[in-house]
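Notes for the one structure printed next.
Number of protein chains: 2
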Amino acid sequence: MEHTRRIYSEYNAWLQPKFYLASKALRIRADFDLDFIHQECHLGLIRLWGEIQDSAAYTLQLKMDDLEPEAFSLTPLINGFEIAGGSKTGLLYGVYRFLNRLAAGENIEKIQERSAPQVDYRIINHWDNMDGHIERGYAGHSFFFHNHKFDYDEERIITYARMMASIGINGICINNVNVNKVSAGLIAEPHLSDLAELAALFRPFGIRLLVSVHFDAPMIVGGLTTSDPLDAGVKEFWQAQSTVVYTKIPDFLGYLVKADSEFRGGPEAFGRTQADGANTIAAAVAPFGGLVFWRCFVYNCQQDWRDQQTDRPMAAYKHFQPLDGTFDENVILQIKNGPVDFQTREPVSPLFSSLKNTREAIEFQIAQEYTGQQIDLFSLAVQWEEILTTEIDKGKQLKSLFGQEIVAVTAVTNTGNNMNWTGNTLAQCNLYAFGRIAWNPDLTAKELIREWIQITFETNELGCLTMEEMLLTSRGIYESYTAPLGIGFMVNPNSHYGPNVDGYEFSHWGTYHRASFDAIGVDRTSKGTGFTLQYPESLQRKYDDITSCPEELLLFFHRVRYDYKMKDGRTLLQYMYDSHFEGAQQAEALLQAWETLENRVPQETFNSVKERLKRQLRNAREWRDQVNTYFYRKTGINDDKGRQIYM
Amino acid sequence: MEHTRRIYSEYNAWLQPKFYLASKALRIRADFDLDFIHQECHLGLIRLWGEIQDSAAYTLQLKMDDLEPEAFSLTPLINGFEIAGGSKTGLLYGVYRFLNRLAAGENIEKIQERSAPQVDYRIINHWDNMDGHIERGYAGHSFFFHNHKFDYDEERIITYARMMASIGINGICINNVNVNKVSAGLIAEPHLSDLAELAALFRPFGIRLLVSVHFDAPMIVGGLTTSDPLDAGVKEFWQAQSTVVYTKIPDFLGYLVKADSEFRGGPEAFGRTQADGANTIAAAVAPFGGLVFWRCFVYNCQQDWRDQQTDRPMAAYKHFQPLDGTFDENVILQIKNGPVDFQTREPVSPLFSSLKNTREAIEFQIAQEYTGQQIDLFSLAVQWEEILTTEIDKGKQLKSLFGQEIVAVTAVTNTGNNMNWTGNTLAQCNLYAFGRIAWNPDLTAKELIREWIQITFETNELGCLTMEEMLLTSRGIYESYTAPLGIGFMVNPNSHYGPNVDGYEFSHWGTYHRASFDAIGVDRTSKGTGFTLQYPESLQRKYDDITSCPEELLLFFHRVRYDYKMKDGRTLLQYMYDSHFEGAQQAEALLQAWETLENRVPQETFNSVKERLKRQLRNAREWRDQVNTYFYRKTGINDDKGRQIYM
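Line by line, the protein sequences are chains A and B. Residues in the first sequence are numbered consecutively from 1, following UniProt numbering. Residues in the second sequence are numbered consecutively from 1, following UniProt numbering.
Spelled out as C-alpha cells, the structure:
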C-alpha cells in the first residue's frame with residue numbers, strides 16, 4: 001500500500017486520507033490467519049488518520065462469524081468495535097465498508113450495518129486489447145497489457161484490486177469481448193502463466209479472474225478445422241484447454257463469450273443454437289466450478305436501411321427466448337440492460353421478464369460510450385436506479401430478479417491507466433456506484449452519489465450539495481441536449497461522441513430514426529414492428545398506447561408527428577427545441593456550479609473537471625444547434641420562443 | 001525494357017504489343033549522340049511488331065532540327081520516314097508519338113504531324129507518403145517509397161518514366177503536398193542522395209523531378225526557431241539548402257509548396273503574405289533556374305457551419321488576387337481547376353481570369369478522389385474538355401491562357417504499385433488524356449479517348465465504339481447518380497466515396513448545401529455571398545441570373561426551391577429524382593455494355609473492369625436511394641413516375 005502516503009491523489013479514488021478526521025486510539029485484534037485483512041485494516045486506518053495511537057482500552061475486533069459467506073456485520077461494542085465476516089472475503093468487505101463509513105465522517109460508535117450481497121457475481125468487464133488499446137476507453141490505455149503481452153505495474157494492480165474489493169467486486173474479466181487472434185491465446189501458454197501470476201495478485205482481495213474467449217479458439221488456438229460446438233474434437237479442445245487453465249488457476253471464474261455478434265464467429269455459423277455453443281464450453285469448465293458468461297448481444301449488424309421489417313431491438317429476444325431452459329446450470333446469459341446498446345435512455349430488455357429458467361447477468365456500461373465519454377458529466381447511478389426500479393411485469397421491478405434469475409451483475413468498466421483511473425475524476429463516482437448497486441440494488445442514486453462524495457472529498461455541506469446536485473441532474477441534462485425521448489443515437493459514427501443526426505440513418509447497424517418532414521421514430525408497437533409483444537401483456541399495453549407509454553420513451557416505441565401534443569400541451573417539435581436550448585443552458589450551469597467549488601476540492605481535480613465541463617459546454621451547444629437546425633430544416637417551423645436556430 | 005516481352009499486360013498501359021500489325025522492313029538511322037533515342041525507337045518497334053526486318057531501302061531517320069526545343073515533326077519521305085526534334089527530348093516525344101500512331105493502326109505513309117507543347121511545364125504530382133501510403137491513392141501503394149525511405153524497383157521506374165515521356169510529361173513531383181517531418185527531409189541527406197539517383201533514372205526521358213517541401217523546413221530541417229520568410233536566417237536556410245540540392249541534381253525542377261492550407265504552416269502564421277513566403281523560397285532556387293510551384297488551395301478549414309458569411313470558394317481569390325504582380329518570375333501559382341476541390345462539376349476558378357501578372361499552373365486531379373475512386377468509371381477527359389473550353393472572359397476560353405498566364409499544367413496522379421498502375425484499367429485513359437491535353441488543350445475528349453483505346457487494345461470497331469461510348473458518357477452518369485447541378489460533396493466524410501447527403505453539412509470544412517424543407521443550395525450571386533463578383537462582369541451577370549446560369553451549375557450559384565421549374569419544365573425536385581433513377585439505370589447499362597466486350601479485350605482486363613462496374617452499380621443504387629429518400633423525407637413529395645423511394 002505504497003500509495004498510502006498521506007497526500008490527496010486522484011489515484012486513490014475513494015480511498016483517500018482525511019486530514020480533518022480525529023484519529024481514534026485503538027488496538028486491532030484478529031486471529032493469526034487473518035493477517036492480510038488485519039494489515040488492510042491497519043493500513044486503511046493509517047491512510048485515513050495518519051497514525052493509530054495504540055490503546056488497549058478500545059479494541060477493533062476482526063473475526064469470522066456465522067454469516068452468509070460474503071456477508072459482514074459492523075457492530076459498535078462498549079469498549080470497542082467488531083467487524084465480522086461470513087468468510088475472509090466477507091470480513092474484508094466489512095473492513096472496507098467500515099473504513100469508508102469512517103472516511104465519510106461517521107462516528108465510530110454509530111456505525112452499525114449488516115449486509116450481504118443479493119447476487120453471487122459482481123463483475124467488471126475490461127474491454128482491454130492486448131496491444132494496450134482499450135475499446136471505448138476514455139481514460140488512457142490498458143493497465144494489464146502493452147504491446148501484445150501482459151505488462152503491468154504490480155503496485156497499480158494491487159491498488160486496483162483493493163479499490164474493486166472495497167465496493168464488493170468479486171470477478172474481473174481482463175480482456176475485450178472482441179477477442180482477436182492474440183488474445184484468443186490467453187487460455188494457452190505463454191500467456192497462461194502470466195494470467196496465473198495476475199490472478200495471484202487479485203486472489204487475496206477475493207477477486208477471481210475471467211477471460212473473454214474466442215468462439216473460434218478451437219481453430220485459432222487448437223488448430224482444428226472447425227469450431228462446431230457439437231463436433232467431438234471441438235468439445236475435446238475446450239475440455240483439454242480448460243483443464244490446463246484450471247490446473248494453473250484453480251479458482252478461475254470462467255469465460256466470457258461474444259459469439260455470432262458483430263462479425264464474431266458463433267454457433268449459428270455451424271447451424272447450431274446459442275445453447276449448443278454455450279453448453280459445449282460450459283461443460284468443459286463445469287468440473288472445475290467454472291462459469292460461462294454468454295452475451296446476448298446478437299443481432300444483424302449488416303441490415304439494409306431500406307428494410308423496415310427487421311428491428312434491431314427485437315433481435316436478442318428472438319435468438320434467446322426460445323432457448324429458455326436449455327442452457328446448462330453454469331451458463332449465465334449476459335444481457336445488456338436495454339435492447340439496443342447502452343443508450344442514454346432505453347426500455348429494459350424484454351429478455352429479463354421472458355427468461356424463466358435461465359441464469360442471467362445484467363450488463364451495464366460504466367464506460368460512457370454513448371453517455372458523454374467521460375468528458376460530459378453523466379451520473380450512471382441515476383440511470384441504473386431507474387432501470388432497476390422499472391416495472392418488468394405486473395407490480396414487479398427489475399431488481400426483484402436479483403438473487404433469482406439474475407445471479408450476476410456485470411459492467412464494462414471506465415478505467416484506464418490515467419492517474420485518476422477514469423479520465424474525468426467525477427466518473428469515479430460511476431465506478432463506485434456500480435459496485436455498490438451490484439451488491440445492493442435498493443441503494444438510490446442519491447445515496448450512492450452522496451456516499452462517494454463524502455468518502456472521496458473533504459468539503460463542506462455546501463460543497464457536497466453542489467456536487468450532489470450536479471451529478472443528480474447530469475443524466476437529464478445530457479439527455480436533453482442530445483437525443484431525448486428514447487430516440488437514441490444521432491451520434492457521430494464510430495466515435496459515438498458529438499451530434500450527427502443522420503449519422504446512423506443509412507448505415508447497416510440497424511439504428512434508424514427515419515425522421516421525415518412530418519414525423520420521427522419507428523413504430524415498435526404491436527401494430528408496428530411488434531417489439532412490444534416481447535413484453536408481458538400489461539407492459540405491452542402500456543407501451544403500445546401512446547398515452548400510457550412513458551413520455552421519456554415516446555420515440556423509442558412510437559413514430560410521432562412533430563405536431564403531436566405532449567402531456568404538457570407543447571408540440572413534439574417545440575419539446576425538441578426546448579429540450580436542446582435548455583439542455584445547453586444547463587450544461588453552462590454545471591460549469592458555473594463547479595466554479596463555485598474552487599478551493600473546496602483539490603486543485604488538480606478542480607482544474608481537470610473544469611476543463612472537461614468546458615468541453616461539455618461546447619459539445620452541448622453543438623448538439624443544440626445541429627439538432628435544432630436539423631428539425632427546422634425538415635419542418636420550416638420556428639421556435640415558439642424565438643431563440644436562435646441556425647439555417 | 002524488359003517488359004517488351006510480347007504479351008499483352010496491363011502493366012504496359014498504352015505501350016502494348018500489337019499482334020495483328022504487319023511489321024515494316026526498315027533501317028533506323030540516327031547520329032551517334034542520339035543512341036538512347038535510337039534504342040527507344042528500336043525497342044518500341046520490336047515491342048509493337050515483334051521484330052524489325054532490316055531493309056536499307058526504307059530509312060527511319062531520327063534527327064535534330066530547327067524546331068522549338070520540345071517540338072517534333074513526323075514526316076513521311078519517298079523511301080523512308082523522318083522524325084525530327086528541336087531537342088533530344090523533342091525528338092524522343094516524336095518517336096513515342098510515331099510509335100503510338102503506328103500502334104493505333106495508322107499507315108506509316110500517312111503519318112504526318114508537327115507539334116509543340118503549348119506550355120513549358122507538364123507535371124505529375126504524386127501524393128505519395130514516405131511510409132508508402134498514397135493519400136487519395138486508389139491503385140495500391142507508392143512505387144517510390146516504403147517504410148520511410150526510398151524503396152523502388154528500378155525497372156518499374158524506367159517503365160513509368162517512358163510511359164510519362166510518351167505523353168509529354170516533363171516534370172514529376174514525387175511526394176505528397178502534405179509534407180510530414182520525414183518527407184521534409186527529402187531536401188537533405190540521407191534522402192538527397194537517393195533523390196539524385198532517382199532523378200538520374202528519369203533524366204534520359206526528359207523528366208525533371210520536384211519535391212514538395214514543408215514551409216516550416218527551416219525549423220524542421222534547419223533547426224531554426226522560426227520559418228518567417230522575411231527572417232534572414234530563414235532566407236539563408238533556403239539558400240544554403242537549395243545549393244546543396246542543386247549541387248546534387250543540377251537539373252532539378254524545383255519545389256511544390258502547400259502553405260497556410262489545411263493545418264500546414266505558412267507565411268500568414270508570421271504575419272507575412274503568400275508572396276513573401278513564395279518569393280523567399282523562389283529566390284533560393286532562382287540562381288539554379290529552379291521554380292517554386294505555390295499552391296493557392298488556401299481557405300479556412302475550421303469554419304463554423306453556422307457562419308453564412310464565409311464562403312469557401314471565395315478564399316483563393318481573396319488570398320491571391322490582391323497579390324497579383326508581386327510574385328517573383330520563378331514562382332508559379334498552382335491553382336485547382338475549380339474554386340472548391342476537384343468536384344464532379346464546378347465553375348472554373350476565378351483566379352484564372354483575375355491574375356494578370358502572375359505565372360500560373362492549372363492543377364487537375366487524375367486521382368478520382370471525388371469522382372469514383374477508380375471503382376466507378378469516370379472519364380476525366382470529358383470534364384477537362386469542358387473546363388478548358390469554359391468562357392472565362394468575354395469570348396475567351398480558359399485554354400487561351402495556355403502559353404500565356406498559364407505556363408504549367410499539373411495533376412495529382414492516379415497511379416500506384418498495382419500491376420496496371422491505376423487500379424481500374426480504364427482509368428489509364430485519364431492518365432493518358434492528361435498528358436495529351438497538357439501538351440495540346442485543343443484535343444477533344446472524344447479524340448483522346450479514341451486514341452487511348454486504339455493504341456491500348458486490339459479490338460474491332462464495335463469494341464472501340466462500345467468503350468468510347470462508355471467513357472464519353474461515364475462522367476454524366478456518375479454526376480447524375482451522385483450530387484448533380486454543381487451541388488457537390490454529399491459524400492462520406494474522410495473516405496469521399498459513397499453517399500452521405502449531410503456528411504459535410506455540419507463540419508468545419510466549409511462545404512454546405514443547406515438543404516431545407518423547401519430549398520437547397522447557397523446563394524453565391526452578387527446578392528448572396530458575392531462569389532460571382534470575383535468573375536469578369538459578363539460572367540458575373542451570366543452566373544447571377546438564374547435563367548442564364550448554366551443549368552448544370554444551378555446549385556453551385558443559386559439557392560433554389562424544390563418547385564423551381566427547370567428549363568424543360570420539370571421541378572428541381574423531380575429533376576433530382578429523375579437524375580438519380582436514371583443515373584443508376586445507366587450505371588447498369590455500363591456494366592451490360594462492358595459485358596459485350598468479353599473476348600474483345602484481354603480477359604484479365606475484362607474481369608477486373610467488370611468487377612469494378614459491379615461495385616459501381618451497387619454504389620449507384622445506394623446513391624440513388626439515399627439521395628431520393630433524403631429529399632422525399634424533406635419534402636414529402638413523391639416521384640412523378642411512381643418509382644420506389646424508400647422511407
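Where a beta carbon is used, it is the ideal one built from N, C-alpha and C, also for glycine.
Distance, residue j Cα to residue i Cα
| i | j | result |
| --- | --- | --- |
| A/Gly476 | A/Leu201 | 40 Å |
| A/Gln397 | A/Glu360 | 15 Å |
| A/Ile83 | A/Val221 | 47 Å |
| A/Ile167 | B/Thr482 | 56 Å |
| A/Phe145 | A/Ile46 | 32 Å |
| A/Glu386 | A/Ala184 | 37 Å |
| B/Ala411 | B/Gln308 | 32 Å |
| A/Thr4 | A/Tyr96 | Note that A/Thr4 scores 48 on pLDDT, short of 50, meaning its location in the model is unreliable; the coordinates nonetheless yield the value given after this. Roughly 15 Å separates the two Cα atoms. |
| A/Pro499 | A/Val627 | 8 Å |
| B/Ile169 | B/Ala199 | 14 Å |
| A/Met647 | B/Gln374 | 36 Å |
| B/Glu2 | B/Glu154 | With a pLDDT of 44 at B/Glu2, under the threshold of 50, the modelled position of that residue is not reliable, and no figure is offered here. |
| A/Asp640 | B/Tyr512 | 27 Å |
| A/Ala587 | A/Leu613 | 8 Å |
| B/Ser354 | B/Tyr317 | 8 Å |
| B/Lys258 | B/Ser212 | 8 Å |
Residue from the options with nearest C-alpha to residue i
| i | options | result |
| --- | --- | --- |
| B/Glu113 | B/Ser193, B/Val119 and B/Gly94 | B/Gly94 |
| A/Thr571 | A/Ala275, A/Ile637 and A/Gln586 | A/Ile637 |
| B/Gln383 | B/Gln343, B/His38, B/Gly325 and B/His141 | B/Gln343 |
| A/Tyr8 | A/Asn420, A/Arg643 and A/Thr473 | A/Asn420 |
| A/Ser73 | A/Arg29, A/Met219 and A/Ser115 | A/Ser115 |
| residue 653 of chain B | B/Gln321, B/Asn107, B/Thr225 and B/Gln302 | There is simply no residue 653 of chain B to check, as chain B begins at 1 and stops at 647 in what is shown. |
| B/Lys399 | B/Gly132, B/Gln118, B/Asp65 and B/Tyr58 | B/Gln118 |
| B/Pro322 | B/Asn357, B/Pro347, B/Gln303 and B/Ile335 | B/Asn357 |
| B/Glu451 | B/Ala103, B/Gly86, B/Leu62 and B/Ser261 | B/Ala103 |
| B/Gly149 | B/Val601, B/Ala188, B/Ile335 and B/Arg156 | Residue 149 of chain B is actually Lys in this sequence, not Gly. When each option's Cα is compared against that of B/Lys149, the closest is B/Ala188. |
| B/Phe581 | B/Arg643, B/Lys565 and B/Arg541 | B/Arg643 |
| B/Asn180 | B/His214, B/Gly171 and B/Arg203 | B/His214 |
Proximal chain A residues relative to residue i, where beta-carbon distance stays under 9 Å
| i | result |
| --- | --- |
| B/Gly636 | Ser516, Phe517 and Asp518 |
| B/Asp639 | Near B/Asp639 there are no residues of chain A at all, since even the closest Cβ is about 15 Å away, more than 9 Å. |
Residue interval of the beta strand (DSSP E) (run including residue i)
| i | result |
| --- | --- |
| A/Asn125 | Tyr121 to Asn125 |
| B/Gly186 | Reading off the sequence, residue 186 of chain B comes out as Leu, not Gly. From DSSP, B/Leu186 is part of no beta strand (DSSP E); its letter is neither H nor E. |
| B/Ser73 | Phe72 to Leu77 |
| B/Arg114 | Glu113 to Ser115 |
Beta-carbon neighbours of residue i, restricted to chain A and to distances below 7 Å
| i | result |
| --- | --- |
| B/Arg306 | Asp625 and Tyr646 |
| B/Asp502 | Asp502 |
Chain-ordered neighbours of residue i on chain A, where CB pairs are closer than 8 Å
| i | result |
| --- | --- |
| B/Arg633 | Arg514, Ala515, Ser516, Phe517 and Lys634 |
Integer Cβ distance of residue i from residue j, believed to fall under 8 Å
| i | j | result |
| --- | --- | --- |
| A/Gly140 | A/Gly521 | No, A/Gly140 and A/Gly521 are not in contact; Cβ-Cβ is about 38 Å, not under 8 Å. |
| B/Ala589 | B/Ala620 | Actually they do not touch by this definition, with Cβ atoms about 11 Å apart. |
| A/Trp14 | A/Thr529 | Not confirmed; about 44 Å, so no contact. |
| B/Ala161 | B/Phe205 | 4 Å |
| A/Cys296 | A/Phe320 | 5 Å |
| A/Leu210 | A/Pro218 | Not quite, the Cβ-Cβ distance comes to about 19 Å (not below 8 Å), so this is no contact. |
Cross-chain neighbours of residue i in chain B, by beta carbon under 7 Å
| i | result |
| --- | --- |
| A/Phe506 | Gln626 |
Range covered by the alpha helix (DSSP H) that runs through residue i
| i | result |
| --- | --- |
| B/Tyr246 | Ala232 to Lys248 |
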